[in-house]
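With our numbering as the guide, the letters of the sequence shown map in order to residues 172 to 271.
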Amino acid sequence: YSEVFGFEHPPLHDPCAVAYVIDPTLFTARRVHVEVATGAGPCSGRTVCDIHNMKKKEPNVTLCEKMDVDKFWGLMEAACKAAEDASPLSDPKAHLSWKR
């Protein structure tokens with residue numbers, strides 16, 4: 172990621188999408204029109220976001236442009252803690268019976 176995209180760590184697309192559904196206030200977002208290039212050639216399959224509304228088409232996607240990173244990680248940590256607390260594997264007795 173560092174060489175190709177210029178940032179050290181890979182993106183977390185799925186957790187970000189779920190975080191948006193849980194708490195959209197974590198993000199700065201706007202509605203834009205997006206199309207997928209379907210023609211042959213090097214752009215085939217790419218998503219094209221009309222961020223300047225050049226085509227004057229109806230917005231069909233919510234584009235998140237910024238995120239409150241500290242609040243996002245707080246949400247992630249809370250989710251991991253809740254999963255750990257709910258897991259039967261968190262019970263020491265469950266570990267013993269599981270290892271048999």
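In this text, a Cβ means the ideal position worked out from N, Cα and C, and glycines have one as well. Only a predicted model underlies this, so the values are computations on that prediction, with no experimental measurement involved.
query, result
"Cα-Cα separation between Trp244 and Glu206, rounded to whole angstroms", "31 Å"
"Which of helix, strand or coil DSSP assigns to Glu255", "helix"
"Cα-Cα separation between Phe176 and Gly216, rounded to whole angstroms", "19 Å"
"DSSP state of Asp274 mapped onto helix, strand, coil", "What the structure shows of the chain is the stretch from 172 to 271, and residue 274 is not part of that stretch, so it cannot be assessed."
"Validate contact between the region 215-230 and the region 241-258 using beta carbons, cut 8 Å, 3 pairs", "no"
"Where the beta strand (DSSP E) through Phe198 begins and ends", "198-207"
"Whether Glu174 touches Phe198 by CB criterion (9 Å)", "no"
"Supposed contact pair His204 and Asp221 - C-beta distance, whole angstroms, cut 8 Å", "5 Å"
"Under 9 Å between C-beta atoms of Arg201 and Asn231", "no"
"Minimum C-alpha distance to Leu234 - residue among Phe178, Cys187, His180, Leu260", "Cys187"
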